[in-house]
Amino acid sequence: MKNKKPLAENQMFVAVLASVISIAVGLLFGYILLLVLNPAKAGIGMTAMLTTGFSSLDQFGKVLYQSAPLMLCGLSVGFAFKTGMFNIGATGQYTIGAFCALLGAIAFQLPWWACLILSLIGGAIWGIFPGLFKALFNVNEVITSIMFNWIGMFLVNLLLANMPIMLASAWGASNSDRTANLAQANPGAIIPKGGLDRLFGNSSWINISVFIAMLVAVICWFILEKTTFGFELKACGYNKEAAKYVGINANRNIVSSMIIAGALSGLGGGLYYLAGTIQYVLEKKTLAMGFNGIPVALLANSNPIGTIFSSLFISYIQVGGSAMQPNFSSESTDIIIAVIIYLAAFALLMKGVITKVLKGKGSTTQNADSAAEAEKEEKA
Amino acid sequence: MAEDYVIEMLHITKEFPGIKANDDITLQLKRGEIHALLGENGAGKSTLMSVLFGLYQAEQGVIKKDGKEVAIKDPNDANRLGIGMVHQHFKLVECFTVLDNIILGVEDTKHGFLQKDEARKKVMALSEKYGLRVDPDAMVSDISVGMQQRVEILKMLYRDNEILIFDEPTAVLTPQEIDELMEIMRGFKKEGKSILFITHKLSEIMAVADRCSVLRKGKYTGTVNIADTSREELSRMMVGRDVEFEVKKKAVQTGEVILSVKDMVVASKVHDNNAVRGVSFEVRAGEIVCIAGIEGNGQTELVYGLTGLEPLKSGSITLCGQDITNASIRERSRLGMSHIPEDRHKHGLVLDYTLEQNMVLQRYREPAFQNHGVIKFGEVRKYAEGLIERFDVRSGQGPQTIARSMSGGNQQKAIIAREIDKDPQLLIAVQPTRGLDVGAIEYIHSQLIAERDKGRAVLLISLELDEVRSLSDRILVIYEGQIVGDFDSVGMQELGLYMAGAKRKNKKDGKEGKAS
């Protein structure tokens, strides 16, 4: 009995089982919604959602490609969350990061890696503001970062509208509502595919960005779990008063963590727009990618390694969702995706239920165990 | 055989995930008796009372009122059966008047309007009858803790409760107030009301209770008549072994001045006046100096000022000859200041960190535990295991236990281990035994004495008079932010008068300080 732990106490097992059950329930609800919206096509729609990601190497490449910016936005939200901050400003930092990367690529003709560094810096600068306001004036970071989402988006639109060289029209295309196609403006700024395109059957999507994102996730994990810096950040997040009591400068940590969070989102923007497959379109709404970082981080319980998997999952569902058109409108696929993600976030709740069920079965042996332990204590 | 039991709790079992809080517990309350319920922290007293008060449902066992089985599903059921409870942390609406608080929930209304005249008469009558002095029109936020407790008691009486539960009622009171409370409880007994009295304090049980039931680790150890028992027997029943009551310590041998405070002024967060108003004192190596006082007289702010959690408005602090008035918390810590904080959950621990992480919370930056910013978790583990062994910190999974899941006593031991192992010149201990049971208290006291005997300076801030008297070499009494007394030794009643602000003496005078 000693060398084999009861199943209920195997945290890993319970956590994985809880996630699987939650996702399954989410998919079931999604299916019910499909039946309500369009009964005739529900089966086809569900199949599309579930299989598209694996249906071809090209589509799988797309899953990986889309997961990279999601992963970074998730890391951004999760990192700030570990320090006790709710970074709802990921989308603003992401937008600024994207702009800085494109500025380097098009206006200054820099290579891709230099552009990525620029995106990192741009995002970091956008993260400083909510951090500073919180540290100096105790302004709630949620309010500041929401405002900076809008400021960032309109600032980028304003700058692009006044920088003709950035727009597609300056590089041989006719439209001036979006940035230049990198293939024409600066092919050297496109993130290399590293031979992956051949591996993925000439997928137009795949590049090395997903591996960059994974590497960043591992670095985040290392910082948070292994370093004194991460130790201080988490201490501030869990209990700011206790951190202060042991002499940790909580305000400096708030600013540092927001800078890092901003840099992560910014890098996400750089990775997405330097892929060469998409151009930044001047629009009057904030980009969804940054907000999608929130469920990614929540699903992963803010764990950087978990973020890798949760972003792959959400990316997979999104690719599947886009394949459901035209049978279902893009709005209804968004609703279904939201339902699935929402229920997947019930994993924590499910964890408690599973533990209870497993405990119920094994309760007799456990009581015997604890009784024996209590006896030992008495003797000692 | 046919005893007149007003409440019987028979074979109560209540389980929480992973722990049996109550395991087959039987408690029988006679009509018109004061029945004490004694047990260490985590022995299951509060759980048992919560079952009786309808906050929890027991898995097994029955509750009988007047010999008839009853179901208590929520506090309303309990109220209907005449069961009332004064909680350890009062449940009062701060911005309501005393009268409003008493009638809240059972207000008389006429066409939807409050009718308070009848209520006022009833409250005043009750107040008169039992000697529970209150001002019905005062705001609860403005009245003393003692009066707040009287309001809680009046709440029970107003609802015509016959069975009164007191959950650690004396923890927040001065000696005089405790005596008053005991008198009030005796009054209730005369009226035929039955009282359940939960406490850690053996002296109070001996003074006021008729019988006492003892719980240990969720199990029932027995019920004894107070007349036939002794403190020693009760503590043995509670802890399972003999407990030392008298703190043994060597004669004091003071050395040089370690801490020197001059004219310290600290602002208050709750009102416009300063919380600490020009306090000066010294603590020497090898002595325990105790600051005694009733809660809320500036002790908290005094400690915040000393440790750097709050800035001083004026005055200066010197530690080991260095001026630390404006030093950072980390700097003070480096110069040899350790601080066992008043609130272990707010300041002392990161509850979601593991025990080992909490144990290196003061030291993780030292080269022994980190290399270029990377924490050496192997070293941390070894260090934590050493501390756990030396300070006998008990927990479910050793160094990897999440601090939140540990018992209060062991959490406190972990903090004390961490702070003492820093090898401080000055140890500031703020209510280090608050809410702990006799076993843990005994241990913590011995650790403080050991530090003193090593020649360290110890500054103890405590509300517990027994603790103040048995540990301190010197007593400073604080009242409304000022030191009003400075004694080498002093009588209990005398000390109470100083704490209540009825007497004051600023210059040290051995003769006058002696007990009268």
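Chains as they are written, first to last, in my numbering: chain L, 1 to 380; chain D, 1001 to 1516.
The beta-carbon is built from N, C-alpha and C at its ideal position, and this holds for glycine as well.
Below 8 Å, how does it come out for the stretch 1109-1120 of chain D and the stretch 1058-1074 of chain D: are there three or more Cβ pairs, yes or no? no
Using a Cβ-Cβ cut-off of less than 8 Å, give me the residues of the stretch 1357-1373 of chain D that come near chain L, in sequence order. GLN1357, LEU1361, GLN1362, TYR1364, ARG1365, GLN1370, GLY1373
| said: By the DSSP assignment, the alpha helix (DSSP H) with TYR1479/D in it spans what residues? | reply: Taking the second sequence and counting its residues from 1, one reaches residue 1479/D at position 479. Looking at the DSSP string, TYR1479/D is not in any alpha helix (DSSP H); the run it does join, the beta strand (DSSP E), is 1474-1479.
Which residues bound the alpha helix (DSSP H) around GLN1115/D?
The count along the second sequence starts at 1 and reaches residue 1115/D at position 115. Unbroken run through GLN1115/D: none, as it is neither H nor E.
**Asked** Under a CB-based cut-off of 8 Å, is GLU1512/D close to chain L?
**Response** Position 512 of the second sequence holds residue 1512/D. Its pLDDT being 42, under 50, GLU1512/D is placed unreliably by the model, and the measurement read from it follows with that caveat. Closer than 8 Å: no.
- Cβ-Cβ separation, THR52/L to VAL296/L (assumed contact under 8 Å), whole Å: Here residue 296/L corresponds to residue number 296 of the first sequence, with the count starting at 1. Here residue 52/L corresponds to residue number 52 of the first sequence, with the count starting at 1. Not confirmed; about 20 Å, so no contact.
Item checked: Inter-residue spacing [alpha-carbon to alpha-carbon] between GLY1378/D and GLN1397/D -> Position 378 of the second sequence, counted from the first residue, corresponds to residue 1378/D. Position 397 of the second sequence, counted from the first residue, corresponds to residue 1397/D. Each residue's alpha carbon lies about 16 Å from the other.
ask   = Between the Cα of LEU1495/D and the Cα atoms of ASP1024/D, THR1174/D, LYS1413/D, which residue gives the shortest distance?
value = In the second sequence, residue 1495/D corresponds to position 495, counting from 1. The candidate whose alpha carbon is nearest that of LEU1495/D is THR1174/D.
Inset, instruction - Can you give me the Cβ contacts of LYS1313/D inside the same chain, cut-off strictly under 8 Å, excluding the 5 residues immediately before and after it? - result: Position 313 of the second sequence, counting from 1, holds the residue named residue 1313/D. Cβ within range, chain order: VAL1265, VAL1266, ALA1267, ASN1274.
**Message:** With the cut-off set at 8 Å, would you say ALA1457/D and GLN1425/D are in Cβ contact?
**Reply:** Walking along the second sequence from the start, residue 1457/D turns up at place 457. Walking along the second sequence from the start, residue 1425/D turns up at place 425. Their beta carbons are under 8 Å apart, which means ALA1457/D touches GLN1425/D by this criterion.
Look at the Cβ atom of GLY1296/D, then the Cβ atom of VAL1477/D, and state whether they are nearer than 8 Å.
-> Here residue 1296/D refers to the residue found at position 296 when the second sequence is read from its first residue. Here residue 1477/D refers to the residue found at position 477 when the second sequence is read from its first residue. Cβ distance not < 8 Å, so GLY1296/D and VAL1477/D don't count as in contact.
message: Quick check on VAL1393/D - is its C-beta less than 8 Å from some C-beta in chain L?
response: In the second sequence, residue 1393/D corresponds to position 393, counting from 1. Not closer than 8 Å to any Cβ of chain L, the Cβ of VAL1393/D fails to qualify, so no.
* State the CB to CB distance for the pair GLY127/L and GLY97/L, rounded to an integer number of angstroms; the pair is presumed to be in contact (CB under 8 Å). => Here residue 127/L is taken as the residue at index 127 of the first sequence, counted from 1. Here residue 97/L is taken as the residue at index 97 of the first sequence, counted from 1. Not really, about 10 Å apart at Cβ, beyond 8 Å.
**Study point:** Per DSSP, cross-strand counterpart(s) of CYS1212/D
**Key:** The residue you call residue 1212/D lines up with position 212 of the second sequence. In DSSP, CYS1212/D forms a bridge with ALA1036/D, VAL1224/D.
Closest residue to GLY1187/D among THR1401/D, ILE1415/D, GLU1033/D, VAL1438/D (Cα-Cα distance): Reading the second sequence from its first residue, position 187 is the one you call residue 1187/D. When only C-alpha atoms are compared, the closest one is GLU1033/D.
* To do: Can you grab the Cα-Cα spacing for the pair PHE29/L / VAL36/L, in whole Å?
  => Residue mapping note: residue 29/L aligns to position 29 of the first sequence, counting from 1. Residue mapping note: residue 36/L aligns to position 36 of the first sequence, counting from 1. Approximately 11 Å between the Cα atoms of the pair.
How about the stretch 250-265 of chain L and the stretch 69-80 of chain L: do they share at least three Cβ pairs that are nearer than 8 Å? yes
Residues of the stretch 1329-1350 of chain D whose Cβ lies closer than 9 Å to any Cβ of chain L, in chain order: ILE1329, ARG1330, GLU1331, ARG1332, SER1333, ARG1334, HIS1339, PRO1341, ASP1343, HIS1345, LYS1346, HIS1347, GLY1348, LEU1349, VAL1350
field: Cutoff 7 Å; reference ASP1004/D; Cβ partners in own chain excluding five residues on either side
entry: The residue labelled residue 1004/D in the question sits at position 4 within the second sequence. The residues are LYS1030, ARG1031.
Is the number of C-beta pairs between the stretch 311-331 of chain L and the stretch 30-50 of chain L that are closer than 8 Å three or more? yes
| field | Three-way DSSP call (helix, strand, coil) for PHE231/L in this model | value | Looking up residue 231/L in the first sequence gives position 231. In the structure shown, PHE231/L sits in a helix (DSSP, three-state: H, G or I).
Straight-line Cα distance separating ILE88/L from SER1127/D
Working through the second sequence from its first residue, we reach residue 1127/D at position 127. Working through the first sequence from its first residue, we reach residue 88/L at position 88. Approximately 55 Å between the Cα atoms of the pair.
Exercise for the section: Tell me whether PHE108/L sits in a helix, a strand or coil according to DSSP, three-state version. Expected result: One-based indexing of the first sequence puts residue 108/L at position 108. DSSP places PHE108/L in coil when its eight states are reduced to three.
DSSP three-state call for HIS1200/D: helix, strand or coil? Here residue 1200/D refers to the residue found at position 200 when the second sequence is read from its first residue. Coil at HIS1200/D, not helix or strand.
Q. Does DSSP put THR1174/D in a helix, a strand or coil?
A. Stepping through the second sequence from its first residue, residue 1174/D is reached at position 174. In this structure, THR1174/D counts as coil in the three-state DSSP scheme.
* What residues from chain D crowd round ASN239/L, counting only those whose CB sits closer than 9 Å? -> Residue mapping note: residue 239/L aligns to position 239 of the first sequence, counting from 1. Result: HIS1345, LYS1346, HIS1347, LEU1349, VAL1350, LEU1351, ASP1352, TYR1353.
* Short check: CB of LEU110/L to CB of ALA189/L, under 8 Å? -> Along the first sequence, one-based indexing puts residue 110/L at 110. Along the first sequence, one-based indexing puts residue 189/L at 189. A contact, by the Cβ cut-off of 8 Å.
Quick one: grab the DSSP three-state call for THR91/L. As a working note, residue 91/L is residue 91 in the first sequence. In this structure, THR91/L counts as helix in the three-state DSSP scheme.
(request) Determine the DSSP secondary structure at VAL63/L, reduced to helix, strand or coil. (result) As a working mapping, residue 63/L is identified with position 63 in the first sequence. It is helical.
Using the C-alpha atoms, what's the distance from GLY194/L back to GLY74/L?
For the purposes of this step, residue 74/L is taken as residue 74 along the first sequence, with counting starting at 1. For the purposes of this step, residue 194/L is taken as residue 194 along the first sequence, with counting starting at 1. Taking the straight line from one Cα to the other gives about 25 Å.
Which chain D residues sit within Cβ distance under 7 Å of VAL246/L? The residue labelled residue 246/L in the question sits at position 246 within the first sequence. Within 7 Å Cβ-Cβ: LEU1361, GLN1362.
Handout entry: Nearest to LEU160/L (by Cα), restricted to the options TYR280/L, ALA344/L, ILE44/L
Key = Taking the first residue of the first sequence as position 1, residue 160/L is located at position 160. The shortest Cα separation from LEU160/L among TYR280/L, ALA344/L, ILE44/L belongs to TYR280/L.
Between LEU1448/D and chain L, is the shortest Cβ-Cβ distance under 8 Å, so that the two count as touching?
Residue numbering aside, residue 1448/D sits at position 448 when the second sequence is read from its first letter. Chain L contact via Cβ: absent.
Exercise. In chain order, which alpha helix (DSSP H) runs of at least 4 residues are fully inside the stretch 1328-1394 of chain D?
Worked result: 1329-1334, 1355-1359, 1377-1391
Return the chain-ordered list of same chain residues with a C-beta closer than 6 Å to the C-beta of ALA1036/D, the five sequence neighbours on each side being excluded. Taking the second sequence and counting its residues from 1, one reaches residue 1036/D at position 36. Excluding positions up to five away in sequence, the list reads PHE1197, ILE1205, ALA1209, CYS1212.
When you compare only the Cα positions, how much space is there between LYS1503/D and GLY1481/D?
-> As a working note, residue 1503/D is residue 503 in the second sequence. As a working note, residue 1481/D is residue 481 in the second sequence. Using only the alpha carbons, I get a separation of about 15 Å.
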